Amino acid sequence: MKIVVCIKQVPDTKGGVKFNPDGTLDRGAMLAIMNPDDKAGLEAALRLKDQYGAEVTVLTMGLPKAKDVLLEALAMGADNAVLVTDRVLGGADTWATSTTIAGALRNMEYDLIITGRQAIDGDTAQVGPQIAEHLQIPVISYAQDIKVDGDTVTVQRQYDDRYHVVETKMPCLITALSELNAPRYMTPGGIFDACKAEVTTWGRADLKDVDDGNLGLAGSPTKIAKASDKVRKGAGEKIVPDSPEDAVSYIVGKFKEKHII
Amino acid sequence: MVTKNIEEYKGVFVFAQQVDNEISGIAYELLGKGKELAEKLSTEVTAVLIGYQVKALADKLAEYGADKVILIDDPELEVYRTEPYAHALASAINQYKPEIVLVGATAIGRDLGPTVSARVATGLTADCTVLEIGDFPLEPRPGIEQKHNQLLMTRPAFGGNTIATIACPDNRPQMATVRPGVMQKLQPVAGAKAVVEEYNPGFTPNNRYVTIKEVVKAVSDTVDIMDAKVLVSGGRGVGSPDNFKILEELAEVMGGTVSCSRAVVDSGWKPKDLQVGQTGKTVRPQIYFAIGISGAIQHVAGMEESDLIVAINKDESAPIFDVADYGIVGDLNKIVPQLTAALKSEKAAKNNN
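Protein chains in written order, with our numbering: chain A, 170 to 430; chain B, 355 to 707.
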């Protein structure tokens, strides 16, 4: 079985967000990590490899430094790594990104493609289903459990108040939730091997059946009109009461003032 | 991109999500916003109702503002699956050519939206919280044609740290998924009727039709936190699952319900459907109690639109105090039970008068 896991290098928004003086995000000052949902997708692939035997390839699109997350994936146990990087691919929205990744996948062999549900920088959850659409294969989003039997995949697909047990034939694409598993750590041996591993680097010319008009900033149908820091509602009152009784009479007083009680 | 005659595209489409033949709240929210956008564009709002034996739901959509309902009814559409639903919605878009398509950013819409947008070859903006009609670029710029009557879609990004406004000026339809709980429903007009047009593009199963082996519903008798007027929300600071009892008692006296932060769900103390925040639900109750919640930006993104926020936390520097109307630095274990008792006696006194 051949599995391709699509991963993304993202700024770690949980570790605090840094801004440039002009208000734009200072990506350089933020830790770059493997997107959490993607890491769960990689772990799912590695577990299928442990269980049934599989060749796991990780694929990313990004700046040359995105190679770091590929090396991490190799150190966790992935077999091959492909970096798609090219100046003409920059500034892509989800349409152009999914077009690019689908173009790379057409040059790869796969039975199963796994992506994370969404990346913590954009939070769109769009690229996975859009890749499946470009490749004309079934998509199962929001996977909380994945099982494989021969060429059949059985997935627990999460919804708001339920889950569906869904079955399909490979090839197919699955988007993974962080809840799927707890990703393994890199092993010392894995890190040692990853240092020597080859990362395949592809550019525009390595994308198959892709039109230039669908790539990068120019090929993105959505355009940013404005971007800014979120303006938050200011803080109200804050008190440090001398006793719980003071705290209670403060809240009760405010509720009376507002005619809540 | 496929070259399209974008002038041909007119009208606002809303995907009227239904589950188990019951319309989801987001469908009404989208109709409320869709109606407003349609009025600005001097056009109509159309609900696209997809399912099996769902025709009876069309009147409800009319009551909440739909001028027209496109009904796509087929046995293949009984339970949501990506492929037959994407085929239904994409076919309707290609047939009727709307200029705007709104889909709820639900576990269904965030799968359907991207699939359909890729199929009809247009842009899609995810998880929008503000939708307006305006110009793109916002200000005239030399050398660039400023287009009017564009859909301007505003959404948070970077875990709620930044906010971006996005347009889709050269392609149609302009598609957005919209965060549930943000747009306002219209006051329903009893007896309102919409033109119902039945449309069936034909459904022939192919390799992309997955098989549903089982539907497992979460057993939950709790109120949907998105509908609650008062939420008493607990974080890791509550200390233990058992200690949520004091929050439940406060919720009961306030006529509200209990919700929680992500940390509480991650610890297995409460189920996911009670989670408020970026990866949970967006809520805007009249009163939101944040108890033992530090106020990570991802949490705040899901509750900051609440009418009144009361925060109780022992850490004076907790960021929740930056959004709270009334912040109390103190021990929730002492304050919450006493507050419940005081509110109870206030209520009793009022009833006796």
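For glycine and all other residues, C-beta sits at the position ideal for the given N, C-alpha and C.
Bear in mind the structure is a predicted one, so any value in this text is a computation, not a measurement.
Residue range of the unbroken beta strand (DSSP E) whose run includes His471 (chain A): With chain A represented from 170 up to 430, any question about residue 471 (chain A) goes unanswered, as that position is not in the structure.
Which residues mark the beginning and the end of the beta strand (DSSP E) in which Ala209 (chain A) is found? Your numbering for residue 209 (chain A) matches position 40 in the first sequence. Counting along the chain, Ala209 (chain A) falls outside any beta strand (DSSP E), though it belongs to the alpha helix (DSSP H) covering Pro205 to Tyr221.
For Val592 (chain B) and Ser613 (chain B), what's the separation of their Cα atoms in angstroms? Taking the first residue of the second sequence as position 1, residue 592 (chain B) is located at position 238. Taking the first residue of the second sequence as position 1, residue 613 (chain B) is located at position 259. Val592 (chain B) and Ser613 (chain B): Cα-Cα distance of roughly 12 Å.
With distances taken Cα to Cα, identify the nearest neighbour of Leu391 (chain B) among B:Val402, B:Lys364, B:Lys409 and B:Ala370. Here residue 391 (chain B) corresponds to residue number 37 of the second sequence, with the count starting at 1. Nearest option by C-alpha distance: B:Lys364.
Please report how far the alpha carbon of Asn503 (chain B) lies from the alpha carbon of Lys394 (chain B), in whole angstroms. In the second sequence, the residue the question calls residue 503 (chain B) occupies position 149. In the second sequence, the residue the question calls residue 394 (chain B) occupies position 40. Roughly 8 Å separates the two Cα atoms.
Classify Tyr354 (chain A): buried if its beta carbon has 16 or more other beta carbons within 10 angstroms, exposed otherwise. As a first step, residue 354 (chain A) is located in the first sequence; it is residue number 185 there, counting from the start. It is exposed - the Cβ of Tyr354 (chain A) has fewer than 16 other Cβ atoms within 10 Å.
In chain order, what residues of the region 279-291 of chain A put their CB closer than 7 Å to some CB of chain B? Ile289, Asp290 and Gly291
Terminal residues of the continuous beta strand (DSSP E) containing Cys364 (chain A)? Stepping through the first sequence from its first residue, residue 364 (chain A) is reached at position 195. From DSSP, Cys364 (chain A) is part of no beta strand (DSSP E) but of the alpha helix (DSSP H) over Pro357 to Lys365.
If you check the beta carbons only, do Leu239 (chain A) and Leu252 (chain A) fall under 8 Å apart? By 1-based counting over the first sequence, the position of residue 239 (chain A) is 70. By 1-based counting over the first sequence, the position of residue 252 (chain A) is 83. Result yes, Cβ atoms of Leu239 (chain A) and Leu252 (chain A) sit closer than 8 Å.
Residue from B:Leu492, B:Val690, B:Gly649 and B:Leu425 whose Cα sits closest to the Cα of Val677 (chain B): By one-based count along the second sequence, residue 677 (chain B) stands at place 323. Nearest of B:Leu492, B:Val690, B:Gly649 and B:Leu425 to Val677 (chain B), Cα basis: B:Gly649.
Please tell me whether Pro468 (chain B) has its Cβ less than 8 Å away from any Cβ of chain A. Within the second sequence, the letter at position 114 stands for residue 468 (chain B). True, the Cβ-Cβ gap to chain A drops below 8 Å.
Residue from A:Gly403, A:Gly297 and A:Glu367 whose Cα sits closest to the Cα of Leu342 (chain A): Looking up residue 342 (chain A) in the first sequence gives position 173. Nearest option by C-alpha distance: A:Gly297.
Answer yes if the region 318-337 of chain A comes into contact with the region 444-457 of chain B, meaning at least three C-beta pairs across the two stretches below 8 Å, and no otherwise. no
For Ala416 (chain A), which residues in chain B fall below 7 Å Cβ to Cβ? Numbered from its first residue, the first sequence carries residue 416 (chain A) at position 247. Per Cβ cutoff of 7 Å: Ile682, Gly684 and Ile689.
Of all the options B:Gly610, B:Asn560 and B:Ala461, which has the alpha carbon lying nearest to the alpha carbon of Asp578 (chain B)? Against the second sequence, residue 578 (chain B) aligns to sequence position 224. Nearest C-alpha to Asp578 (chain B): B:Gly610.
Interface partners of Arg473 (chain B) on chain A, CB under 7 Å: Position 119 of the second sequence holds residue 473 (chain B). The contacting residues are Glu302.
Would you tell me roughly how many angstroms separate the C-alpha atoms of Lys305 (chain A) and Asp661 (chain B), rounded to the nearest one? Indexing the first sequence from 1 puts residue 305 (chain A) at position 136. Indexing the second sequence from 1 puts residue 661 (chain B) at position 307. For the sequence presented, residue 305 (chain A) should be read as Gln rather than Lys. Straight-line Cα distance between these residues: approximately 46 Å.
Check whether the Cβ of Tyr419 (chain A) lies closer than 8 Å to any Cβ atom in chain B. By 1-based counting over the first sequence, the position of residue 419 (chain A) is 250. It does: the Cβ of Tyr419 (chain A) has a partner Cβ on chain B nearer than 8 Å.
For Gly535 (chain B), decide whether its Cβ has a neighbour in chain A, counting only Cβ atoms nearer than 8 Å. The sequence position of residue 535 (chain B) within the second sequence is 181, counting from 1. For Gly535 (chain B), the answer is no, since every Cβ of chain A falls outside 8 Å of its Cβ.
Against chain B, does Ala294 (chain A) count as a neighbour if the rule is that its beta carbon must be under 8 Å from one of theirs? As a working note, residue 294 (chain A) is residue 125 in the first sequence. Yes, Ala294 (chain A) counts as interfacial toward chain B.
Judging by CA-CA distance, which residue of B:Glu417, B:Ala412 and B:Gln372 is the nearest neighbour of Gly405 (chain B)? For the purposes of this step, residue 405 (chain B) is taken as the residue at position 51 of the second sequence. Nearest of B:Glu417, B:Ala412 and B:Gln372 to Gly405 (chain B), Cα basis: B:Gln372.
Contact with chain B by Val253 (chain A), beta-carbon distance below 8 Å: To locate residue 253 (chain A), count along the first sequence from 1; it is residue 84. So no, Val253 (chain A) is outside the interface.
What number of angstroms, rounded off, separates the C-alpha of Met245 (chain A) from the C-alpha of Arg495 (chain B)? Here residue 245 (chain A) is taken as the residue at index 76 of the first sequence, counted from 1. Here residue 495 (chain B) is taken as the residue at index 141 of the second sequence, counted from 1. Spanning the two alpha carbons is a distance of roughly 49 Å.
Compare the Cα-Cα distances from Val335 (chain A) to each of A:Ser347, A:Gln313 and A:Thr356 and report the closest residue. The residue you call residue 335 (chain A) lines up with position 166 of the first sequence. Closest by alpha carbon: A:Gln313.
Only counting the same chain, and skipping five residues up and downstream in sequence, which positions put a Cβ closer than 7 Å to that of Arg562 (chain B)? Taking the second sequence and counting its residues from 1, one reaches residue 562 (chain B) at position 208. Here the set comprises Glu437.
What residues of chain A sit near Ala572 (chain B), judged by a beta carbon separation below 7 Å? In the second sequence, residue 572 (chain B) corresponds to position 218, counting from 1. Asp330 and Arg331, listed in chain order.
Could you tell me if Tyr221 (chain A) is buried or exposed, where buried requires 16 or more neighbouring beta carbons within 10 angstroms of its beta carbon? Here residue 221 (chain A) refers to the residue found at position 52 when the first sequence is read from its first residue. Its Cβ having fewer than 16 others within 10 Å, Tyr221 (chain A) is exposed.
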